Amino acid sequence: MSATIEITRNPEQDKDDAAPIVTGRAVYEHPYMVRLCHWINTVALFVMVGSGLQIFRAFPSFGAKIPQKDLLHWPKAFAIGGWLGGALQWHLTFMWIYMGTGVLYLGYQIFSGNYRQVLFTRRDVPGVWPMVNHYFFFGPMPPAREAYNPLQKQAYTTAILLGVLSVLTGLVVWKPIQFSWLAWMMGGFHYARIWHFAVMWAILFFVLGHLVMVILHGWNNFLSMLTGWKKDPDYE
Amino acid sequence: MEESEEWVSKAKFMKAKNIVRRMDEKQFRGVTRRELLKLTPVIAVGAFAIPAFQKGLLKKGLGFSDWASARMFRTGHLATTFDNADLTPPAKFPINGYDIDDPGVDLDTWTLNVTGAVQKPGPYKLSQVQALPRVRQNTRHVCVEGWDVIGRFGGARLSDFLQLIGADMTSKYITVNCADDYYESLDWETAMHPQTLLCYEMYEQPLSREHGAPLRLQIPTKVGYKQAKYLTDLKVTNVLDRVGYWEDQGYSWFYGL
Numbered sequence: 003m004s005a006t007i008e009i010t011r012n013p014e015q016d017k018d019d020a021a022p023i024v025t026g027r028a029v030y031e032h033p034y035m036v037r038l039c040h041w042i043n044t045v046a047l048f049v050m051v052g053s054g055l056q057i058f059r060a061f062p063s064f065g066a067k068i069p070q071k072d073l074l075h076w077p078k079a080f081a082i083g084g085w086l087g088g089a090l091q092w093h094l095t096f097m098w099i100y101m102g103t104g105v106l107y108l109g110y111q112i113f114s115g116n117y118r119q120v121l122f123t124r125r126d127v128p129g130v131w132p133m134v135n136h137y138f139f140f141g142p143m144p145p146a147r148e149a150y151n152p153l154q155k156q157a158y159t160t161a162i163l164l165g166v167l168s169v170l171t172g173l174v175v176w177k178p179i180q181f182s183w184l185a186w187m188m189g190g191f192h193y194a195r196i197w198h199f200a201v202m203w204a205i206l207f208f209v210l211g212h213l214v215m216v217i218l219h220g221w222n223n224f225l226s227m228l229t230g231w232k233k234d235p236d237y238e
Numbered sequence: 002m003e004e005s006e007e008w009v010s011k012a013k014f015m016k017a018k019n020i021v022r023r024m025d026e027k028q029f030r031g032v033t034r035r036e037l038l039k040l041t042p043v044i045a046v047g048a049f050a051i052p053a054f055q056k057g058l059l060k061k062g063l064g065f066s067d068w069a070s071a072r073m074f075r076t077g078h079l080a081t082t083f084d085n086a087d088l089t090p091p092a093k094f095p096i097n098g099y100d101i102d103d104p105g106v107d108l109d110t111w112t113l114n115v116t117g118a119v120q121k122p123g124p125y126k127l128s129q130v131q132a133l134p135r136v137r138q139n140t141r142h143v144c145v146e147g148w149d150v151i152g153r154f155g156g157a158r159l160s161d162f163l164q165l166i167g168a169d170m171t172s173k174y175i176t177v178n179c180a181d182d183y184y185e186s187l188d189w190e191t192a193m194h195p196q197t198l199l200c201y202e203m204y205e206q207p208l209s210r211e212h213g214a215p216l217r218l219q220i221p222t223k224v225g226y227k228q229a230k231y232l233t234d235l236k237v238t239n240v241l242d243r244v245g246y247w248e249d250q251g252y253s254w255f256y257g258l
């Protein structure tokens, strides 16, 4: 491999004009806002899930209080806050960070036009099966055309929707009366609590898949979420 | 390989946004290092992991949530009420005391002692509370733990009682003390809410000892621990000398639903 590389980049990112020489390739894949939101959200999600599970420990059921049938006993070692009150402090603090990051991210994606990189549309549908075939049934690797393949877009778009749902269901659990119309749509406070829990597991399922893919795609790919730049991308 | 129109338009978009620039490996490292350093704000979140800051930051966060909760509270917005068919049977309505189920209140000599910014302070008998218009409502009772039940509650509007005692309507809070040494406080808007009751009956029966006889707060717009039982004192005030038992353990003060 050559020691020099050619770089495709966003002009707004960096104004300084250094001297050029050529050959390899690198692409500026992840804009600053996306990376910033990604990593803050990583922390926020970790705290929200950990404290949420501690809150769940206070009443680990979705049925009646009398008689109480526990769904599962989540181990305290995998929870944040120590007790219900502590966990609520974490949850009610980090929910602002979680929501703030979400609003910043969505606002950036929409107004910059960068949402086109990640938004799963009807045109991406035909490309999903070849990717599934490749990942799960060892089919041929479909040619890469852009930063995210159709299956990736589907996963990320779903994850973003789950993030929005986690906030909406959480708002209803927190304020079922002030958000009574949202509560009504979810079947009332009691059901909103179930949805909130289910959405968390869906997000965790995404995170698991996400982590597996990050490991499979190696260091170069991982670095791009930190620096924005990917060396030698597998697409034009 | 056939390329869809969508892909062509995407490629055009990406090309329009990006320019090609050339630099050597060393310069590439410089650029990526700079981009990495721009992520340092993320480390600020790590302040929550420092023991010396943690407690204060979480208190600030909870305080911010309470502040936002007070802004979100709509004084004229009513909690959903339910049909009798939706009621949780009385036997399945949980009894949650923080200390004892029966603090041994003498129901015959009991009075509610009213103090603070009121024109007519002093002891009030249960009959005086019951002489106010009676409200019966089927509302959801939500516990901070996460469970919920629907109960039938009866009592006098707290706002009517505040009128009766000649409370200064510009006050900010009411505080209550209880026979089991529990204590609580309420924001004025919630105290004046039409569904906030001085509750003396459940399921059309006099309040049982376990549920707070003879008088408790019933506030459909608040979580359970705000709805103190076994009331003995009520104070109208602008200054909170005590906030609440569970709040002092670390729970939210406003916790409006």
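So the protein lines, in turn, are chains D and R.
Going left to right, the first sequence walks through residues 3 to 238 as my numbering numbers them.
Going left to right, the second sequence walks through residues 2 to 258 as my numbering numbers them.
Don't be surprised by glycine CBs; every beta carbon is placed ideally from N, CA and C.
Being a predicted model, the structure only gives us computed values, none of them experimental.
Check, Outcome
"Can you find a heavy atom of the ligand SAM that lies under 7 Å from the Cβ of S168/D?", "The model on display carries no ligand, and the ligand SAM is accordingly not part of it."
"In three-state terms, what does DSSP make of R147/D?", "coil"
"Return the chain-ordered ranges of every beta strand (DSSP E) run that is complete within the segment 185-235 of chain D and spans a minimum of 3 residues.", "231-233"
"Short of 6 Å in beta carbon distance, which residues of its chain neighbour T89/R, apart from the five on each side in sequence? Order them along the chain.", "V150 and I151"
"Considering only their Cβ atoms, is the gap separating D161/R from L133/R smaller than 8 Å?", "yes"
"May I ask you to report which of helix, strand or coil DSSP gives G64/R?", "helix"
"Does the Cβ-Cβ distance between W76/D and V49/D come in under 8 Å?", "no"
"Our contact map puts R75/R next to Q56/D with C-beta atoms below 8 Å; I'd like the distance itself, whole angstroms only.", "Actually they are not in contact, since the Cβ atoms of R75/R and Q56/D sit about 30 Å apart, beyond 8 Å."
"Can you give the beta carbon distance from Q138/R to Q206/R, rounded, assuming they're within the 8 Å contact cut?", "At roughly 15 Å, the Cβ-Cβ gap does not stay under 8 Å, so Q138/R and Q206/R are not in contact."
"Is Y34/D close to chain R? Criterion is C-beta to C-beta, closer than 8 Å.", "yes"
"Closer than 8 Å by C-beta to I101/R: which residues in its own chain qualify, once you throw out the five before and the five after it? Chain order, please.", "D181"
"Would you list the residues sitting across from K236/R in a DSSP beta bridge?", "T116/R and T176/R"
"Nearest to V145/R by alpha carbon, out of Y204/R, K227/R, D25/R and A86/R?", "K227/R"
"Go ahead and pull the three-state DSSP assignment for I151/R.", "strand"
"Below 8 Å on the Cβ atoms is my contact criterion, and I expect I96/R with E211/R to pass it. Report the Cβ-Cβ distance as a whole number of Å.", "4 Å"
"Does any residue of chain R have a CB that is nearer than 8 Å to the CB of T229/D?", "yes"
"Strictly by DSSP, which residues pair up with E185/R?", "V177/R"
"For a contact defined as C-beta to C-beta under 7 Å, what are the partners of W41/D on chain R?", "L40 and V43"
"May I ask you to list, following chain order, the residues of the segment 86-108 of chain R that have a beta carbon less than 7 Å from some beta carbon of chain D?", "K93 and P95"
"Mind pulling the chain R residues with CB within less than 8 Å of L94/D?", "G62, L63, S66 and S253"
"Report the option in G64/R, I220/R and G167/R whose CA atom is closest to the CA atom of A118/R.", "G167/R"
"Within 8 Å (strictly less), CB to CB, does P178/D reach chain R?", "yes"
"Which first and last residues belong to the beta strand (DSSP E) in which L199/R is found?", "L198 to M203"
"Just the Cα atoms here: how many angstroms apart are Q28/R and A28/D?", "12 Å"
"Within 10 Å of its beta-carbon, does H78/R have 16 or more other beta-carbons around it, so buried, or fewer, so exposed?", "exposed"
"In three-state DSSP terms, what is Y125/R?", "strand"
"Hey, out of I217/D, L225/D and V166/D, whose CA is closest to A204/D's CA?", "V166/D"
"Could you tell me which chain R residues have their CB closer than 8 Å to the CB of I57/D, listed as they occur along the chain?", "G147"
"Go ahead and pull the three-state DSSP assignment for Q138/R.", "strand"
"With E185/R and A157/R assumed to form a contact (beta carbons below 8 Å), what rounded beta-carbon distance in angstroms separates them?", "Not confirmed; about 18 Å, so no contact."
"Taking Cβ-Cβ distances shorter than 7 Å, what residues in chain R pair up with A66/D?", "K93"
"Between the C-alpha atoms of R243/R and V174/D, what's the straight-line distance to the nearest angstrom?", "30 Å"
"Is there at least one Cβ from chain R nearer than 8 Å to A28/D's Cβ?", "yes"
"If you drop the 5 nearest sequence neighbours on each side, which residues of the same chain put their C-beta closer than 7 Å to that of D109/R?", "none"
"If G251/R sits next to G87/D, beta carbons under 8 Å apart, how far is it from one beta carbon to the other, in whole angstroms?", "4 Å"
"Over the uninterrupted beta strand (DSSP E) stretch that includes Q219/R, give me the two end residues.", "R217 to Q219"
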